[in-house]
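With the sequence shown counted from 1, adding 22 to any position gets you this note's numbering.
For each residue, glycine too, the CB sits at the ideal point set by N, CA and C.
Okay, structure first, notes after.
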Amino acid sequence: MEIATTAPIARAKEGHLPTLIASFLHFDLCFMLWVLLGALGVFISQDLGLSPAQKGLMVAIPTLSGSLLRIPLGLLSDTYGGKRVGIIMLLVLFVPLGAGWMFGTSLPQLLAIGLLLGTAGASFSVALPLASRWYPAGRQGLVMGIAAAGNSGTVLANLFAPRIAPYTGWHGVLGLAMIPLALVLVAFALMAKDKPDGGRGLPLRTYLESLRSSDMWWFCLLYSVTFGGYVGLGTFLPTFFHDQYGVDAVQAGLYTALISFVGSGLRPVGGYVADRVGGVRLLTVLLVGIAAAYLAASSLPPLALMVGLLVVGVGCLGMGNGSVFQLVPQRFQAQIGVATGVVGAVGGVGGFMLPNLLGIAKQQGGSFGPAFVVLAVIAVAALVLLRVLVARSAGWRSAWQG
23 MEIATTAPIA RAKEGHLPTL IASFLHFDLC FMLWVLLGAL GVFISQDLGL
73 SPAQKGLMVA IPTLSGSLLR IPLGLLSDTY GGKRVGIIML LVLFVPLGAG
123 WMFGTSLPQL LAIGLLLGTA GASFSVALPL ASRWYPAGRQ GLVMGIAAAG
173 NSGTVLANLF APRIAPYTGW HGVLGLAMIP LALVLVAFAL MAKDKPDGGR
223 GLPLRTYLES LRSSDMWWFC LLYSVTFGGY VGLGTFLPTF FHDQYGVDAV
273 QAGLYTALIS FVGSGLRPVG GYVADRVGGV RLLTVLLVGI AAAYLAASSL
323 PPLALMVGLL VVGVGCLGMG NGSVFQLVPQ RFQAQIGVAT GVVGAVGGVG
373 GFMLPNLLGI AKQQGGSFGP AFVVLAVIAV AALVLLRVLV ARSAGWRSAW
423 QG
């Protein structure tokens with residue numbers, strides 16, 4: 023059953039609010055599940071006796087599998103429709119949640135559960151294109167920002183999971199997560215609607231050709247810095263605050279929720295501003311802010327100052343996410359599902375690397391500081407590359423700067 027729209031199909035370009043809301047709910051719920059192991063990281067690490075490097079791997083493994091699934095699910099979304107693929111995704115997620123509820127007594131079992139739970143991360147290449155297809159180019163920044171603000175699921179996971187776990191155990195939190203999953207499944211099935219002329223059924227070679235575009239890979243690089251930073255920090259910060267500053271799991275979750283809330287809330291703002299000033303201009307400013315925040319964080323200042331630095335840094339990362347995805351639908355409108363999948367996949371791989379970098383730095387050198395220096399250098403490198411590309415290519419100046 024679908025909620026009917028009063029506008030005729032001929033006016034579909036004006037948008038479809040129920041689908042936009044459904045896309046947001048799908049992405050929000052999936053993002054919450056995607057980072058759930060990170061939100062429970064302190065409890066799981068204590069239960070299983072994990073080393074710093076193992077902690078980084080444990081919270082990052084869903085990010086890796088979710089990233090790898092974004093490309094094939096983006097293709098399936100373009101071919102069979104985002105609604106159908108989105109429903110199947112939600113049904114699949116009952117499997118790892120149920121397994122985590124009943125099992126997960128060793129690191130190998132937990133990694134296997136994390137790989138399956140990573141399916142949630144592929145919502146990005148299903149829910150966002152589903153909403154995007156209904157709206158014209160001039161509204162893509164705001165629309166994609168609203169749908170993608172579902173990354174606020176990080177906030178929900180970090181607010182509630184650490185508070186529930188002392189009463190139910192971390193296994194019980196995974197079991198209880200099936201309740202909101204069921205509710206969103208029903209809402210999505212009722213509200214979501216594929217655009218009738220959404221461009222389904224294109225041949226595979228059309229998607230493969232999009233991979234040959236150098237623009238695709240520049241999008242990937244930029245998004246690996248912005249989204250990779252956002253999701254990577256979102257999964258590892260509870261562990262970071264606990265290990266570095268000795269705060270308890272609930273307090274660590276509150277700090278992470280605050281920081282993630284700022285990042286997710288500023289994502290649509292980034293898209294909105296990019297619609298008006300241009301993606302390159304905005305990204306230039308944001309990359310400077312990201313690099314500065316990472317560099318300052320490398321000194322591992324007192325807790326209050328560190329929280330403030332991360333609020334600023336993750337806020338810039340969130341706006342950067344919105345800015346990049348203001349541009350993707352304009353450049354790859356006919357292959358939006360695959361373009362979103364490719365760019366999101368590489369960005370997600372960045373999110374896999376960040377917790378591992380922090381965990382390895384702590385285990386090998388005894389400090390998280392050097393990892394933040396490396397992250398600052400990466401942000402500066404992305405900034406330099408962006409400016410070089412703008413200087414060399416008239417196409418980038420006209421299409422990206424607005």
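First and last residue of the uninterrupted alpha helix (DSSP H) at residue i
i	result
LYS215	No alpha helix (DSSP H) contains LYS215, which DSSP labels as neither H nor E.
PRO158	First-last for PRO158: undefined, no H or E at that position.
GLN76	74-102
THR127	THR127 -> no alpha helix (DSSP H), and no H or E assigned at all.
PHE249	236-267
GLY140	Segment: none, GLY140 is in no alpha helix (DSSP H) and carries neither H nor E.
GLN68	63-70
VAL310	301-319
Minimum C-alpha distance to residue i - residue among the options
i	options	result
LEU129	ALA271, ALA75, PHE354	ALA75
ALA214	SER154, ALA401, PHE394	SER154
THR362	VAL346, GLY373, GLY372	VAL346
ALA187	LEU317, ALA271, MET54, ASN378	ALA271
LEU243	PHE49, TYR102, GLY372, GLY388	GLY372
LEU349	ALA134, ILE93, PRO158, GLY194	PRO158
SER235	ASN180, PRO290, GLY194, PHE354	PHE354
SER99	SER45, SER87, LEU198	SER45
ILE83	GLY387, VAL307, GLY370, GLY337	GLY370
LEU212	LEU90, ARG106, GLY285, PHE374	ARG106
ARG409	LYS384, LEU309, PHE394, ILE110	LEU309
SER321	GLY391, ALA313, LEU198	GLY391
PRO324	ALA413, LEU137, GLN266, ILE43	GLN266
CYS52	PRO40, VAL399, PRO118	PRO118
ALA398	PRO218, THR257, LEU379, GLY268	LEU379
PRO50	VAL395, ALA199, GLN385	For the sequence presented, residue 50 should be read as Asp rather than Pro. Considering only alpha carbons, the answer is ALA199.
Beta-carbon separation (whole angstroms), residue i vs residue j, contact threshold 8 Å
i	j	result
GLY104	ASP216	6 Å
LEU112	VAL206	7 Å
LEU139	LEU62	Contact doesn't hold; Cβ gap of about 11 Å is too wide.
HIS38	TRP156	4 Å
VAL284	VAL329	Not confirmed; about 11 Å, so no contact.
GLY122	ILE135	5 Å
THR248	ASN343	5 Å
Where residue i falls, given that 16 or more other Cβ within 10 Å makes a residue buried
i	result
ARG161	buried
TYR189	exposed
THR176	buried
PRO30	With a pLDDT of only 37 at PRO30, under the threshold of 50, the placement of this residue in the model should not be trusted, and no figure is reported.
ALA367	buried
ILE201	exposed
ASP170	Checking the displayed sequence, the identity of residue 170 turns out to be Ala instead of Asp. Burial call: buried.
ALA326	exposed
SER73	exposed
ARG298	exposed
MET124	exposed
SER67	buried
LEU339	buried
ARG227	exposed
GLY292	buried
ASP237	buried
VAL208	exposed
THR14	Outside the modelled stretch of the chain, which goes from 23 to 424, sits residue 14, for which no answer is possible.
VAL195	buried
DSSP-derived helix/strand/coil call for residue i
i	result
PRO202	helix
GLY167	helix
GLY37	coil
GLY342	helix
GLN355	coil
GLY275	helix
ASP270	coil
PRO324	coil
GLY381	helix
PHE390	coil
LEU376	helix
LEU233	coil
VAL412	helix
VAL395	helix
LEU115	coil
VAL57	coil
PRO30	Because the pLDDT at PRO30 is just 37, under 50, the model does not fix this residue reliably, and the value given afterwards should be weighed accordingly. Reduced to three states, the DSSP call for PRO30 is coil.
SER174	helix
LEU42	helix
Contact test: residue i Cβ vs the ligand SAM heavy atom, cutoff 7 Å
i	result
LEU198	Here there are no bound small molecules, and the ligand SAM is not part of this structure.
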